[in-house]
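These notes are about the structure you will find just below.
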Amino acid sequence: MALIDDVKSELAAIDNELPAAKKAQAAAMIRFGGGLHLIQNHIVVEAQFDSLDAARWLQDAIKDVFGHDSDLIEVSRQTPTGAVQRYSVRVLRAGGALALQTGLLDRRKRPVRGLPADIVSGNIAQIKAAWRGAFLAHGELSDPGKASYLEIICPGQEAALALVGTARRLGVNVKARQVRSSERVTLRDPDAIERMLLLLGATQSSRQWSGKRSDGESRGKANRLANFDDANMRRSAKAAVEASEKVIKAFEILGDDIPENLRAAGQLRLDHRDASLEELGRLADPPVTKDAIAGRIRRLLQLSAKVEKQRAQQNV
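Encoded structure:
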């Protein structure tokens with residue numbers, strides 16, 4: 000089971016909320032899962048979910064909180080990646096009454112385009128429940144990684160702005176954006192995602208998400224260190240090859256006229272071309288520091304460059 004399925008199952012199992020919070024969650028699930036439809040001058044309430052647990056929660060809430068019966072219909076839809084199951088909760092006869100009870104119709108019986116005012120201005124429990132309902136209806140959650148995100152697809156701009164405002168009351172900053180003609184609210188900061196999961200009530204899933212995030216960061220750090228070490232090794236090997244070529248040229252220019260300590264350092268470089276300067280220092284007799292061996296090779300190359308320059312001037 001994917002992490003998003005675990006989160007929605009955990010959220011749908013929460014059953015200790017007060018009636019006002021349950022009402023807020025149900026209203027948000029209907030608003031973000033589908034909404035109101037007018038069929039032959041009759042209001043039908045319908046909401047569709049990708050989670051069977053979420054659909055069953057809404058069906059139970061419609062019965063227990065609002066006193067109406069509803070139908071739970073399984074819908075199979077073909078997509079480019081195969082068949083996808085959806086679960087639709089539909090209220091036919093009492094659709095208008097339910098719409099008024101949830102606040103999705105105002106007192107003048109006009110559809111509410113965002114979230115009902117009594118939810119937006121309600122207590123924190125109602126705010127959390129509304130966010131929980133929106134996430135159950137149309138929420139997405141990535142696996143932790145470079146592109147971590149928690150996102151809710153909204154039925155319109157007003158609904159997106161309602162989520163932005165209510166999230167601010169929870170102390171979480173979310174952004175509204177438009178993607179391919181759909182309105183969305185998105186969290187990308189991993190700490191904010193973890194906090195929001197906890198606020199919604201997905202305690203176990205939050206720990207699971209945080210654990211995967213920590214594992215991913217550790218692997219990423221290890222990979223960066225490995226790449227860093229590998230790059231250092233490549234640079235060191237390239238520098239050693241270039242230094243060896245310069246030493247060969249210096250020996251050819253200077254011939255026998257080389258101080259013994261410089262000759263020994265140059266010969267060590269040629270005999271151990273893959274060795275680091277620190278390793279060359281340990282191989283010297285007597286052993287010296289890497290700075291000392293580097294200094295001797297440098298003076299050897301400077302001496303050969305000086306002699307080569309003098310010869311060039313004499314030949315002019």
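Position one of the sequence shown corresponds to residue 0 (numbering that gives the first Met the number 0), numbered consecutively onward.
Don't be surprised by glycine CBs; every beta carbon is placed ideally from N, CA and C.
- With Leu-300 and Ala-249 assumed to form a contact (beta carbons below 8 Å), what rounded beta-carbon distance in angstroms separates them? 6 Å
- Does DSSP put Pro-18 in a helix, a strand or coil? Looking at Pro-18 - three-state DSSP - the assignment turns out to be helix.
- Task: Please decide whether Asp-142 counts as near chain C, where near means a Cβ-Cβ distance under 8 Å.
- Result: Chain labels in this structure do not include chain C; a single protein chain is all it has.
- Query: Is the number of C-beta pairs between the region 57-69 and the region 142-153 that are closer than 8 Å three or more?
  - Reply: no
- Label Pro-115 either buried or exposed according to how many other C-beta atoms from any shown protein chain fall within 10 Å of its C-beta, with 16 as the threshold for buried. buried
- Outcome for Leu-10 when other beta-carbon atoms lying within 10 angstroms are tallied against a minimum of 16: buried
- Task: Please look up how many angstroms separate the CB atoms of Gln-58 and Ser-87, rounded, as I've assumed it's under 8 Å.
- Result: Not a contact, Cβ separation roughly 10 Å.
- Message: Quick check on the DSSP output: the alpha helix (DSSP H) that includes Phe-134 runs from which residue to which?
- Response: Boundaries of the alpha helix (DSSP H) around Phe-134: 123-137.
- Quick one: residues in its chain with C-beta nearer than 7 Å to the C-beta of Asp-49, no 5 flanking neighbours on either side, listed in chain order? Arg-85
- Identify which residue in Asp-5, Leu-37, Ala-191, Gly-33 has its Cα closest to the Cα of Arg-167. Ala-191
- Cβ neighbour criterion (16 or more within 10 Å) applied to Gly-66: exposed
- Query: Using the C-alpha atoms, what's the distance from Thr-80 back to Ala-26?
  - Reply: Rounded to whole angstroms, Ala-26 to Thr-80 spans 32 Å at the Cα level.
- Specify, as a first and last residue, the run of the alpha helix (DSSP H) that Lys-108 falls within. Lys-108 -> no alpha helix (DSSP H), and no H or E assigned at all.
- Cβ neighbour criterion (16 or more within 10 Å) applied to Ile-118: buried
- Let me know the alpha helix (DSSP H) ranges lying completely inside the region 227-292, each 4 residues or longer, listed in chain order. 259-270, 276-282
- Item | At least three beta-carbon pairs within less than 8 Å, the region 97-107 to the region 124-138 | no
- Since Ala-98 and Ile-42 are thought to touch, with beta carbons under 8 Å apart, how far apart are those beta carbons, to the nearest angstrom? Going by Cβ atoms, the distance from Ala-98 to Ile-42 rounds to 6 Å, so yes, they are a contact pair.
- Item | Ile-13 - DSSP class collapsed to helix/strand/coil | DSSP places Ile-13 in coil when its eight states are reduced to three.
- Item | Enclosing alpha helix (DSSP H) for Val-328 [first to last residue] | Only positions 0 to 315 of the chain appear in the structure, and residue 328 is not among them; the question remains open.
- Is the beta carbon of Leu-6 sitting closer than 8 Å to the one on Leu-196? The sequence shown places Val at residue 6, rather than the Leu named in the question. Closer than 8 Å, so yes.
- 7 Å CB neighbourhood of Ala-54 in its chain, flanking five on each side removed: Phe-48, Leu-71, Tyr-86, Val-88
- Query: How long is the line joining the alpha carbons of Ser-217 and Pro-110, rounded to whole angstroms?
  - Reply: Any reading at Ser-217 needs caution, since the residue's pLDDT is 45, under 50, leaving its predicted position unreliable; the model's value is listed next. About 49 Å.
- Where Arg-85 falls: helix, strand or coil (DSSP): Arg-85: strand per DSSP, three-state reduction.
- Message: Quick check: the Cα distance between Glu-45 and Arg-179, rounded to an integer number of angstroms?
- Response: Each residue's Cα considered, the two are about 24 Å apart.
- Measure the C-alpha to C-alpha separation of Gly-34 and Leu-17 and round it to an integer number of angstroms. 23 Å
- Bridge partner(s) assigned by DSSP for Phe-48: Tyr-86
- Message: Short of 7 Å in beta carbon distance, which residues of its chain neighbour Ala-304, apart from the five on each side in sequence? Order them along the chain.
- Response: none
- Item | For Gln-39, the three-state DSSP class (helix, strand or coil) | coil
- Can you name the start and end residues of the alpha helix (DSSP H) that Ala-116 belongs to? Counting along the chain, the alpha helix (DSSP H) containing Ala-116 begins and ends at 116-119.
- Item | Contact under 8 Å by Cβ, Arg-268 with Val-246 | Cβ atoms of Arg-268 and Val-246: closer than 8 Å.
- Inter-residue Cα distance where the pair is Arg-112 and Glu-157: Taking the straight line from one Cα to the other gives about 6 Å.
- Query: Buried or exposed: Thr-101, going by 16 or more other Cβ atoms within 10 Å of its Cβ?
  - Reply: buried
- Ala-283 and Ile-296 look like a contact to me (Cβ under 8 Å); what is the Cβ gap, rounded to whole Å? Not confirmed; about 11 Å, so no contact.
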